Amino acid sequence: MQNNFVKIGVVGAGKIGAFHAKNAVLYSPARVVAVADVNLAAAENLAKEVGAKNVYSSYEELLKVPEIDAVIVSLPNNLHYDVIVKSI
């Protein structure tokens with residue numbers, strides 16, 4: 173019944189990204205399907221914690237995943253704009 177879930181991509185695997193990703197899967201009908209971070213090890217760790225199968229070192233790669241319905245942007249504020257615009 174995976175089709176009933178909002179499929180989320182997480183950009184930024186630090187503390188804030190982990191907080192939002194874990195809460196998304198705990199408290200909503202959502203699944204994290206992809207995680208991206210310039211620190212690939214951090215992305216891999218968060219993906220393992222939340223059950224995401226796709227891991228990337230750039231948000232551009234994550235945005236190519238066709239199944240993603242929503243993106244959590246957990247980057248420093250000055251980096252939000254480009255990711256958000258390209259996510260639309």
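Under my numbering, the sequence shown has 233 at position 61, and the numbering climbs by one with no breaks. Glycine included, every Cβ here is placed at the ideal spot set by N, Cα and C. Please read all numbers here as calculations on a predicted model, not as lab measurements.
{"Check": "Which term fits Asp-241, buried or exposed, when burial requires 16 or more other beta carbons within 10 angstroms of its beta carbon?", "Outcome": "exposed"}
{"Check": "Give a yes or no on whether 8 Å exceeds the smallest Cβ distance from Lys-179 to chain D.", "Outcome": "The structure shown has no chain D; it contains just one protein chain."}
{"Check": "Which class does Ala-194 belong to by DSSP, given the choice of helix, strand or coil?", "Outcome": "Reading the sequence as shown, one finds Lys at residue 194 and not Ala. In the structure shown, Lys-194 sits in a helix (DSSP, three-state: H, G or I)."}
{"Check": "From the DSSP output, which residues share a beta bridge with Lys-163?", "Outcome": "Look at the range of the chain in this structure, 173 to 260, and you will see that residue 163 is not part of it."}
{"Check": "So, are the CB atoms of Val-205 and Gly-189 less than 8 Å apart?", "Outcome": "no"}
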